[in-house]
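Sequential numbering of the sequence shown, starting at -15, is according to the working numbering.
Ideal Cβ placement from N, Cα and C applies to all residues, glycine included.
Remember, predicted model here, so these are calculated numbers, not experimental data.
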Amino acid sequence: MSAAVIDVLLDRERRLEVAWEDGCSLDIELGDLREVCPCADCRGRRERGEPVTTADRLTALSAELHGNWGIAIQWSDGHETGIYGWEMLRTLAAGAS
Ligand SMILES: [Zn+2]
């Protein structure tokens, strides 16, 4: 059983912060978050060595929490199919520290 998310803070212009109950936390810039979008389309682009987006400045238009699962973000470049699972974000948090 993994630790529960206790806090999510989205600065639509800048960054996403997530905190877990065991003290783990993630603070990631939106541009970096967009780069690791887990959807099949973006995965395919990364595998082909293509950029996942051509927008120079990304913002989040809106975000939707999917309960225990994760967070979906609607991006200013029109992309909205990726759901960032808490487990995946936690892996990023572990990698960043
Ligand atoms: Zn994507």
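A residue is called buried when at least 16 other Cβ atoms come within 10 angstroms of its Cβ; Trp53 does not meet this threshold and is exposed. Two segments are said to touch when three or more pairs of C-beta atoms, one from each, lie closer than 8 Å; by this definition the stretch 1 to 13 does not touch the stretch 32 to 41.
Distances between the C-beta of Gly62 and the heavy atoms of ligand 1 are all 7 Å or more. Secondary structure note for Gly54: it is in no alpha helix (DSSP H), and the uninterrupted beta strand (DSSP E) holding it is 54 to 59.
Gly15 and Gly69 have their C-alpha atoms spaced approximately 17 Å apart.
A heavy atom of ligand 1 is found nearer than 7 Å to the CB of Asp25. From the listed residues Gln58, Asp(-5), Glu34, the smallest Cα separation to Leu45 is found for Gln58. For Leu42, there is no enclosing beta strand (DSSP E), since its DSSP letter is neither H nor E.
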